[in-house]
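Residue numbers (the numbering used here), protein chains in the order written: chain A, 5 to 364; chain B, 5 to 364; chain C, 1326 to 1649; chain D, 1326 to 1649. No residue lacks a Cβ here, since even glycine has one placed at the ideal position from N, Cα and C.
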Amino acid sequence: MTAPTTPPELVQLLTPEGERVEHPDYDIDLTAEEVRALYRDLVLVRRVDLEAVALQRQGELGLWASLLGQEAAQVGSGRAMTDADMAFPTYREHGVAWCRGVDPLHLLGLFRGVNHGGWDPYEHNFHLYTIVIGSQTLHAVGYAMGIQRDGAEAASLVYFGDGATSQGDVNEAFIWASVFNAPVVFFCQNNQWAISEPLEKQTKIPLYKRASGFGFPGIRVDGNDVFACLAVTRAALRNAREGNGPTLVEAFTYRMGAHTTSDDPTRYRVADELEAWKLKDPIERVKAYLFRSQLADQEFFDKIEAEAEQLGKDLRARCLALPDPQPTAMFDHVYVEPHALIDEEREQFTTYLSGFEGAQ
Amino acid sequence: MTAPTTPPELVQLLTPEGERVEHPDYDIDLTAEEVRALYRDLVLVRRVDLEAVALQRQGELGLWASLLGQEAAQVGSGRAMTDADMAFPTYREHGVAWCRGVDPLHLLGLFRGVNHGGWDPYEHNFHLYTIVIGSQTLHAVGYAMGIQRDGAEAASLVYFGDGATSQGDVNEAFIWASVFNAPVVFFCQNNQWAISEPLEKQTKIPLYKRASGFGFPGIRVDGNDVFACLAVTRAALRNAREGNGPTLVEAFTYRMGAHTTSDDPTRYRVADELEAWKLKDPIERVKAYLFRSQLADQEFFDKIEAEAEQLGKDLRARCLALPDPQPTAMFDHVYVEPHALIDEEREQFTTYLSGFEGAQ
Amino acid sequence: MTTLTLAKALNEGLRAAMDADSKVLVMGEDVGKLGGVFRVTDGLQKDFGEDRVIDTPLAESGIIGTAIGLALRGYRPVCEIQFDGFVFPAADQIITQLAKMPLRSLGKLKLPVVVRIPCGGGIGAVEHHSESPESYFTHTAGLRVVACSNPVDAYTMIQDAVRCDDPVVFFEPKRRYWDKADVEFGAPGLPLDQARVARPGDDVTLIAYGPMVKTCLEAAAAAEEDGRSVGVIDLRSLNPLDMPVVRDAVNRTGRCIVVHEAPVFNGLGGEIAARVTEQCFYRLEAPVLRVGGYSTPYPPSRLEDHYLPDLDRILEAVDRVFGY
Amino acid sequence: MTTLTLAKALNEGLRAAMDADSKVLVMGEDVGKLGGVFRVTDGLQKDFGEDRVIDTPLAESGIIGTAIGLALRGYRPVCEIQFDGFVFPAADQIITQLAKMPLRSLGKLKLPVVVRIPCGGGIGAVEHHSESPESYFTHTAGLRVVACSNPVDAYTMIQDAVRCDDPVVFFEPKRRYWDKADVEFGAPGLPLDQARVARPGDDVTLIAYGPMVKTCLEAAAAAEEDGRSVGVIDLRSLNPLDMPVVRDAVNRTGRCIVVHEAPVFNGLGGEIAARVTEQCFYRLEAPVLRVGGYSTPYPPSRLEDHYLPDLDRILEAVDRVFGY
Ligand SMILES: Cc1ncc(C[n+]2csc(CCOP(=O)(O)OP(=O)(O)O)c2C)c(N)n1
Ligand SMILES: Cc1ncc(C[n+]2csc(CCOP(=O)(O)OP(=O)(O)O)c2C)c(N)n1
Ligand SMILES: [Mg+2]
Ligand SMILES: [Mg+2]
């Protein structure tokens, strides 16, 4: 290990070149197996993402929000949780979903328009995707207040972007968390862009500093460094579970792709920026480290590659096989208890539909 | 002048005992006349407030939100503005209204239910009272962005309470102001209470520190010290006008009375607290200072007292004489341009009313 | 039987709900020591503690957003919005999250959150303290919306709302908070989604809810002196509507007037009028008329008597509906 | 005459408005370099500069709140809300401030703010991107609400909205953004508060606005083949309604169907039905029917064809209205 080369404000444990570095406050001891597992996560998660983009291009998904470039932030933080912790994602946390054991098919289902969120949040302690920017931060704090009342050993981990930090809700969540000392970790993936708007449209100073004004610690971590993301998030979660209140983690990373498949980033950002960030790729550095420290050989990498291919293929096949919901499904689950208006409309609709039977 | 006796974080230029103290960053040179004028403002403003409370008790007003105890914060900041600056008040800024030249009768009109705000905001550069907590902070920032576009030498000064700092809007206002470097001063009167909720329900750390997380300076001033409030606000406004962006001023003060005339503070706070703050009364210390430094004699005080009495008496008389609005006035000004629905309803209403004519 | 004000009936109902289920929480601005500005939560913090009766920071979006999170963790929060006009900062959390999350989860998540809103005018208050925002919520699929009009209903409806596994927006007629009635503790009420025939009538049906029920009953009594038999329906549930009860009444009278404080334009009265017309078309002797607020912001209090439906305006509509 | 898409027509209208008055600003998320996610503001920042075309922080309350402040300083901001479902964080600023401040000031303050909202479904989008929230605003006194349905109207209506001294909520039918028509630059349109007879008809009147106008016209054409003369009114203004035009049409046909994408329950259709029934009572051969969205959150896109009114559902309602 060598001394860190990045500015001290950025916690980094693995350089872009794949060198392990020390940090005075955060360190982590990982077995070879653990590192290989992280590498596998990173590669598979990227593969899922790639397949989804391809599926969207071919018209099989209505939209996809790619996580390309953010794999380390998501896998590092995702693997920092215990089973009892609860994650609250945005619409881009496919890597976190993976770590929580959510079948990627469910994610595709949402973007295919089969449903608005097909997994059971309690099965994986992974909440539904939230599309309205920032809303989920308050849910995470409320959930954490519930954890407090239960006297449970757990914490909420809530994801949001750099753009989201401008929403009133996110700042209210900071206040609530601070005032109630709630066991919640705010994990901000600063990928430098909110669609076409660069970071400076949301803040003049580094985002992790926002927390200080609310009376809790903020820390910036190299979001492309899976070790650092794991170490920092794990520490913050432990801190929260131990009753020491919230932490804001700013994962400094980069959105390598378009905002979503509907977006055209060439309209607003220069290619050079992307090239510079490619040198900091979150997967390459782990690969270099595994090689360099002889924790893995070519056979391992080939195996993972093959697994990824298979995963992509399977996913595609299962996506194409996803059945459309029944038309009347739109009336289900609007309410938990019987509701006369829904019943009436469902019946009218069924009658209406049946009028087409045998027709044509 | 002597060295300051309060914690360094609190800017104070006049102690509760009426002693002038120095501050390394803020000072102010006031002529005897200026000090006497400030004293007069403080006394008259308190008198207006007292009369309003009495009028409410007697059923002449529906409600009143007393400023008792906050006179120095309001007069100090109110007198810090130039004519070109624009003030955005809450519902309690009667002292600021006074400094801007708004006839207190207008304030009474609102609380009497004659209208929702009867003065011309442009005449006095004093915006209407805003009752929805925090909303006006965004208006002030937008107005300041307009000032920027006009290239004018002016700033917005926006008032809000300690409770308001929890609202999303206020935090969004901080973000906007910071990102656009808008010429706005955020003036938070921390009177320790939001109705029945003490400060710790809104924040764990001093409020002025909130600003640092948004990238602009925050400062806490003794809100019962009119000199300090004047000095600090004046400096912040100047800074804003000169293009150096926003400042958050936290005026540390105390709501001596009930939240409003509808409130019963004995349900939630102890009498001792009030007694302790009485010793820090914003008016007494100026009086002591004037006496001590022989800037005023008994005759002066008597004159102001008499003026205050007269003001109260006049105000009462004019309040009782306030005519109720015409019934059809509720249709006026809903829209600036003709609106068929309003026209239709006004006509129906007029016809309906005329049905009662001659009746009974 | 105990004589209670409507506010106290709500208080007792909340107390019973908290006694019955330890997951029930009360949260909002000033609900603790102060007991709420209308004292509806009076004494609850003292008896159930600060963990169950939570004075929150001053932010409505935060109140509803964290209530959703608490509900996700198995709690049943009852949120107080201090006044009708202050619900709008929470509009996003109510409309995009509270109302939609159960469907979003295909039923895996339920959100038994109650949003209590003191509503309506007639108390001489300043701006934003006298509004009737129910239509914003009745138009929002995924929410149940109810309004109580008297102490007896208040006592049972608040308990039923807390027990309901769907989110419920619960309107309380603030100018009726001090109205009294005999309430029987523990007695069940009508199901939460059922309307009540507050007064049967043969000539015309008045449909109302919340604060206007009493006004309509008074109008009905006055009309009786003129020899007109005027029925009054207290809707209780605004979404869903109890159409069978409404239909029965209108089919009998052939004449119908909807009364609410909210502005008529695109208010709930329009929905009721359209539905009644469609379902009772051949029985209607006259169009369904509506008496309500005008299409203006709520006026300053010196004008509110002109703005609010009152006996005279209702009786004038009764006359009009007989003019067809 | 130039052939323009609806999106481009709005763009040209905005450009003309900005040319005409240097106080006109455009603000919102991604309206600058990107030109908005639908390219409605394409090129405006390049031509008018960053001071007049402002990429804002990501917060809708902030957008409307600062727009109000800018308006108080004499500017005329045109705010873009990126999608219908994201207007709710701004609900408080729109409902309690934008709509009420002019009255609050007794007319001393005017707020010429335009809130542009791409609305409606049919584009296969994820949640919150296909909604029709107009009723939240038509029920809010103090706002004008309009909806354009075609490029010609889009071009003039956006200019009229900018020129209007009242706040205007401006709905744009997003699935019609790519529809084309010939637009004459500089030509005036109908006044902003007037409806347009999009197609005269003798047997039944369809009332629609925004995206449903085209669908209704198609339905009318299809009905003609069955020998029914179906008229279509494009409301254009949703508050106020142009009742004279509506009344004339319904008095002729005696049958009326309102069509919108928003949920029927407490939607604008209820208001129209109630008004039409009151004003044309003796001419109506059947109750006013409504075809609209169901009382569910907007469904996942694979179901939207079932949710949205289409030719078949409109024609089915036409059949039904003749069943009376
Ligand atoms: C309340 C709201 N406003 C606008 C949008 C549209 N929108 C979707 S993603 C996005 C940018 C989000 O940026 P950021 O928070 O940085 O997250 P990222 O997409 O970069 O992961 C916007 C404006 C939305 N989803 N919700
Ligand atoms: C959005 C909103 N929510 C609630 C209220 C009710 N309310 C009026 S004043 C107040 C407390 C305000 O406290 P603070 O901001 O400290 O100002 P102060 O009254 O102490 O001057 C509350 C909750 C309101 N006016 N607006
Ligand atoms: Mg981002
Ligand atoms: Mg206060």
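Looking at the C-beta of residue i, does it have a partner C-beta in chain A at a distance below 9 angstroms?
i, result
"glycine 219 of chain B", "yes"
Measuring straight from C-alpha to C-alpha, what distance separates residue i and residue j?
i, j, result
"aspartate 1485 of chain C", "serine 1554 of chain D", "51 angstroms"
"aspartate 276 of chain B", "glycine 73 of chain B", "15 angstroms"
"proline 8 of chain A", "asparagine 194 of chain A", "With a pLDDT of only 49 at proline 8 of chain A, under 50, the local geometry of the prediction cannot be trusted, and no value is derived from it."
"tyrosine 1607 of chain D", "lysine 1539 of chain D", "30 angstroms"
"valine 1356 of chain C", "serine 1474 of chain C", "22 angstroms"
"glutamate 1354 of chain C", "valine 1494 of chain C", "17 angstroms"
"leucine 1339 of chain D", "glycine 1511 of chain D", "12 angstroms"
"aspartate 1 of chain A", "glutamate 157 of chain A", "With chain A covering only 5 through 364, there is no way to say anything about residue 1 of chain A."
"threonine 1463 of chain D", "tyrosine 1619 of chain C", "13 angstroms"
"glutamate 1385 of chain D", "alanine 1415 of chain C", "13 angstroms"
"tyrosine 339 of chain A", "glycine 1467 of chain C", "6 angstroms"
Name, please, each residue of chain B whose Cβ falls closer than 8 angstroms to the Cβ of residue i.
i, result
"arginine 214 of chain A", "Gly217, Phe218"
For residue i, count neighbouring Cβ atoms within 10 angstroms of its own Cβ and tell me buried if that reaches 16, exposed if not.
i, result
"methionine 5 of chain A", "Low confidence applies here, because methionine 5 of chain A scores a pLDDT of 49, under 50, leaving its location unreliable; read the following figure in that light. Classification of methionine 5 of chain A: exposed, given that the 10 Å Cβ count is below 16."
"threonine 1328 of chain C", "exposed"
"threonine 270 of chain A", "exposed"
"valine 1477 of chain D", "buried"
"tyrosine 1461 of chain D", "buried"
"glutamine 78 of chain A", "buried"
"tryptophan 180 of chain A", "buried"
"tryptophan 68 of chain B", "buried"
"lysine 307 of chain A", "exposed"
"tryptophan 102 of chain A", "buried"
"proline 1513 of chain C", "exposed"
I'd like to know whether the C-beta of residue i is nearer than 9 angstroms to at least one C-beta of chain B.
i, result
"leucine 1566 of chain C", "no"
"serine 139 of chain A", "no"
"cysteine 1605 of chain D", "no"
"cysteine 1473 of chain D", "no"
For residue i, go through chain D and note every residue whose CB falls closer than 7 angstroms to its CB, in chain order.
i, result
"tryptophan 180 of chain B", "Pro1382, Gly1387, Thr1391"
"asparagine 119 of chain A", "Pro1625"
"proline 331 of chain A", "Leu1628, His1631"
If the cut is a Cβ gap below 7 angstroms, which residues of chain B does residue i touch?
i, result
"glutamate 201 of chain A", "What glutamate 201 of chain A touches in chain B: nothing, since even the nearest Cβ is about 10 angstroms away."
Can you check whether the C-beta of residue i is within less than 9 angstroms of a C-beta belonging to chain C?
i, result
"proline 1410 of chain D", "Per the sequence shown, the amino acid found at residue 1410 of chain D is glycine instead of proline. Yes, contact with chain C."
"glutamate 1586 of chain D", "no"
"methionine 149 of chain A", "yes"
Taking only beta-carbon positions, decide if residue i is within less than 9 angstroms of chain D.
i, result
"methionine 334 of chain A", "yes"
"glutamate 23 of chain B", "no"
"valine 1613 of chain C", "yes"
Anything in chain D within Cβ reach of residue i, meaning under 9 angstroms, just list it in chain order.
i, result
"serine 358 of chain A", "Chain D residues near serine 358 of chain A: none, gap ~12 angstroms exceeds 9 angstroms."
What does residue i touch in chain A if you count any residue whose Cβ is under 7 angstroms from its own?
i, result
"aspartate 1355 of chain D", "Ile199, Ser200, Glu201"
Output, in chain order, the set of chain C residues within a Cβ distance shorter than 8 angstroms of residue i.
i, result
"aspartate 328 of chain A", "In chain order: nothing, as chain C lies at least about 14 angstroms away."
Could you name the residues of chain D that residue i contacts, counting a contact when the two beta carbons are closer than 8 angstroms?
i, result
"alanine 344 of chain B", "Asp1518, Pro1565, Leu1566, Asp1567, Met1568"
Mind listing the chain B neighbours of residue i? Cutoff is C-beta to C-beta under 9 angstroms, in chain order.
i, result
"valine 145 of chain A", "Result: empty, since nearest Cβ-Cβ is about 13 angstroms, beyond 9 angstroms."
> Which parts of the stretch 1408–1473 of chain D are runs of the alpha helix (DSSP H), unbroken and 4 residues or longer, counting only runs that do not cross its ends?
Replying inline: Annotation note: the stretch 1408–1473 of chain D contains the following uninterrupted alpha helix (DSSP H) runs of length 4 or greater, listed N- to C-terminal: 1426–1429, 1459–1463.
>> For a minimum of 3 consecutive residues, which ranges assigned as the beta strand (DSSP E) are wholly contained in the stretch 230–296 of chain B?
In response: If we require 3 residues or more, the beta strand (DSSP E) runs fully inside the stretch 230–296 of chain B come out as 251–256.
> Can you list, in chain order, the stretches of the alpha helix (DSSP H) that have 4 or more residues and sit fully within the stretch 82–151 of chain B?
Replying inline: Counting only runs of 4 or more, we get 98–104, 108–116, 125–128.
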